[in-house]
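In the numbering used here, the protein residues as written are 20 to 384.
Positions of the beta carbon are idealized from the N, C-alpha and C atoms, including for glycine.
Worksheet for the structure shown next.
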């Protein structure tokens, strides 16, 4: 049963410290790009600080999406449930997705959320079931989750690498980040659903203009868990590496991002090279948000929030924020008031849970 959470106001500003990443292992030192030109807005030009805790005692908060009135819907991964969280910290149940399969220590369950841009009473979700990962939708008018219907089924499922982030573009098309489910060759198969960024319509069909005449928008991905669109409409993605490098990628239509042949940067012109890489011990990037010419990357293993300045298609030097202060960082989203909501992931069976975990923090810029 979901209980009411208490909003904790942040009376003392917590200075920006360090943001780390989100993979699993990874020994080498991080490799990072440097900007070709000075970025108009750099992490040093903003002053991120934790202004308070919005909600506490959540169960692996994964997807977060804002309703028109300013409240948020939050997916609780392992429970397969959705709660409504107000900016003042009230938490109330919305419903559960039947058939969702999640468990502590795993990676699947109820993952990404997105609202239909033309009808905010329709919620899309990415969910792990027994036979597959899939995109589903449900009516949420009246404040409760209605019947859930499948939109896209057959995304390969395994014990790991589920992907799970979904995002509508300005044309009403849905981008879907998938993982290769622990089967690396899947990522190079243009007609397969695993290890891809897909672009589909609201009914789950391929969109006219997709590069290969199917649902695939880009391929050669290992595990995409972060998607964001910048002010100029460019799609960016954060991706888990294996043992060496995690990545921040600028996504090109039809681009091959190299997995499993390449991890991190490459001089092979068959592959699109990452804009930024981190040692996997520094990142494990699960969430991505872009605002004020800065990409914010939520890092699980790195236990921080990375701030990466953007200047068009160029990137500046990443800066780690709040390193080690809140444990594993799962998701970052831009709120209606232009602050960031940042969720922790310490109850997922892989972190050290603290009293009040998991929580959503409010970060002002």
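Contact between the segment 207-218 and the segment 183-198: three or more CB pairs below 8 Å? yes
Contact check, residue 82 vs residue 130, beta carbons under 8 Å: Cβ distance < 8 Å, so residue 82 and residue 130 count as in contact.
Between the C-alpha atoms of residue 155 and residue 348, what's the straight-line distance to the nearest angstrom? 25 Å
Proximity of residue 378 and residue 360 at Cβ, strictly below 8 Å: no
Contact between the segment 284-293 and the segment 247-254: three or more CB pairs below 8 Å? Taking 8 Å as the limit for Cβ pairs, the verdict is that the segment 247-254 does not touch the segment 284-293.
Have a look at 369, 239, 303, 298 and flag the residue whose alpha-carbon is nearest the alpha-carbon of residue 350. 303
Euclidean distance between Cα positions of residue 5 and residue 233: Lying before the first or after the last residue shown, residue 5 is absent from the chain, which here runs from 20 to 384.
What's the C-alpha gap between residue 329 and residue 206? 28 Å
Can you tell which of 266, 209, 68, 90 has its C-alpha closest to the C-alpha of residue 236? Relative to the Cα of residue 236, the nearest Cα in the group 266, 209, 68, 90 belongs to 209.
Note down the Cα distance separating residue 219 from residue 369, rounded to an integer number of angstroms. 33 Å
Is it true that the segment 141-152 meets the segment 170-188, where meeting means three or more beta-carbon pairs spaced less than 8 Å apart? Per the Cβ contact rule, the segment 141-152 is in contact with the segment 170-188 (3 or more Cβ pairs under 8 Å).
With residue 145 as the anchor, note down where its beta strand (DSSP E) starts and where it stops. 138-147
Expected contact under 8 Å - CB spacing of residue 255 and residue 318 to nearest Å: Not confirmed; about 16 Å, so no contact.
Count the other CB atoms within 10 Å of the CB of residue 241; is the residue buried (16 or more) or exposed (fewer)? buried
Span separating the alpha-carbon of residue 88 from that of residue 104: Linking residue 88 to residue 104 through their CA atoms gives a straight-line distance of about 11 Å.
How long is the line joining the alpha carbons of residue 306 and residue 112, rounded to whole angstroms? 23 Å
Jot down the residue ranges of each uninterrupted beta strand (DSSP E) in the segment 265-312, minimum 3 residues, whole runs only, in chain order. 295-298, 304-310
Drop a sphere of 10 angstroms on the beta-carbon of residue 106, count the other beta-carbons inside from all chains shown, and report buried for 16 or more, exposed for fewer. For residue 106, the number of other beta carbons within 10 angstroms of its own is at least 16, and it is reported as buried.
CB residue 297 to CB residue 264, shorter than 8 Å? yes
For my contact list, residue 115 and residue 99 are in at a C-beta cut-off of 8 Å; report their separation, rounded to the angstrom. 5 Å
Just mark residue 289 as buried or exposed, buried being the case when its beta carbon has 16 or more other beta carbons within 10 Å. exposed
Please report how far the alpha carbon of residue 118 lies from the alpha carbon of residue 171, in whole angstroms. Taking the straight line from one Cα to the other gives about 15 Å.
Determine the direct distance from the alpha carbon of residue 278 to that of residue 285, and round the result to whole angstroms. Across the structure, residue 285 and residue 278 are spaced so that their CA atoms are roughly 11 Å apart.
In the DSSP assignment, what are the bridge partners of residue 5? The question about residue 5 has no answer, for the chain in this structure spans 20 to 384.
Residue range of the beta strand (DSSP E) that residue 68 falls in? 68-74
From residue 46 to residue 169, what does the alpha carbon distance come to, in whole angstroms? With a pLDDT of only 30 at residue 46, under 50, the local geometry of the prediction cannot be trusted, and no value is derived from it.
When the Cα atoms are used, what is the spatial distance from residue 238 to residue 275? 5 Å
Contact belief for residue 179 with residue 201 at Cβ below 8 Å, rounded distance in angstroms: 5 Å
Could you spell out the range, first to last residue, of the beta strand (DSSP E) harbouring residue 372? Counting along the chain, residue 372 falls outside any beta strand (DSSP E), and DSSP gives it neither H nor E.
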